[in-house]
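Sequential numbering from 144 applies to the sequence shown in my numbering.
Comments concern the structure below.
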Amino acid sequence: MIDFEEELKKYKPSMEVSEAEDSIHSRDLTDMVDIMKEMVSENLSKQGKSR
144 MIDFEEELKK YKPSMEVSEA EDSIHSRDLT DMVDIMKEMV SENLSKQGKS R
């Protein structure tokens, strides 16, 4: 049987939407566009050196 008092002690409220958004936006996340820009930049610099 579930001990509700014990379960309530373990309860941690979830973040509000605005708090979650702030947490997500404050992280410096690399996305596919960043990776593609870096790859193109590296490729262009290699081509420039080989000419």
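Virtual Cβ for every residue (Gly too), placed ideally from N, Cα, C.
First and last residue of the alpha helix (DSSP H) that includes Leu151?
Your numbering for residue 151 matches position 8 in the sequence shown. Looking at the DSSP string, the run of the alpha helix (DSSP H) that includes Leu151 is 147-153.
Specify the secondary structure class of Asp171 as computed by DSSP and reduced to three states.
Mapped onto the sequence shown, residue 171 falls at position 28. Three-state DSSP puts Asp171 in coil, outside helix and strand.
When the Cα atoms are used, what is the spatial distance from Met182 to Gly191?
Position 39 of the sequence shown, counted from the first residue, corresponds to residue 182. Position 48 of the sequence shown, counted from the first residue, corresponds to residue 191. Take the alpha-carbon of Met182 and the one of Gly191: they are about 14 Å apart.
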